[in-house]
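Here is the structure we will look at.
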């Protein structure tokens, strides 16, 4: 049976991403939070992922023109 996880803040269902060591990461793109599955299940808070700031920084950079 597959466990269903929901973000504690925005209540969006999130799916675990299995890592190489067998653990699973839970990432909420809407809230920009990340946590390790077994830590979150035991009550640990999710941490800021910093993904949103990287996406915004990429969008703010002008495209480079190569050539002429």
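In the working numbering, the protein residues as written are 2 to 69.
Glycine is no exception: its CB is placed at the ideal position from the N, C-alpha and C atoms.
Quick caveat: nothing in here was measured; it's all calculated off a predicted structure.
In this structure, the alpha-carbon of residue 33 lies about 23 Å from that of residue 22. Annotation: the continuous alpha helix (DSSP H) that includes residue 38 extends over 38 to 42.
Burial is judged here by how many other beta carbons sit within 10 angstroms of a residue's own beta carbon; residue 51 has fewer than 16 and is exposed. For residue 29, the uninterrupted beta strand (DSSP E) segment begins and ends at 25 to 29.
With contacts defined as CB atoms closer than 8 Å, residue 18 and residue 8 fail to qualify as a contacting pair.
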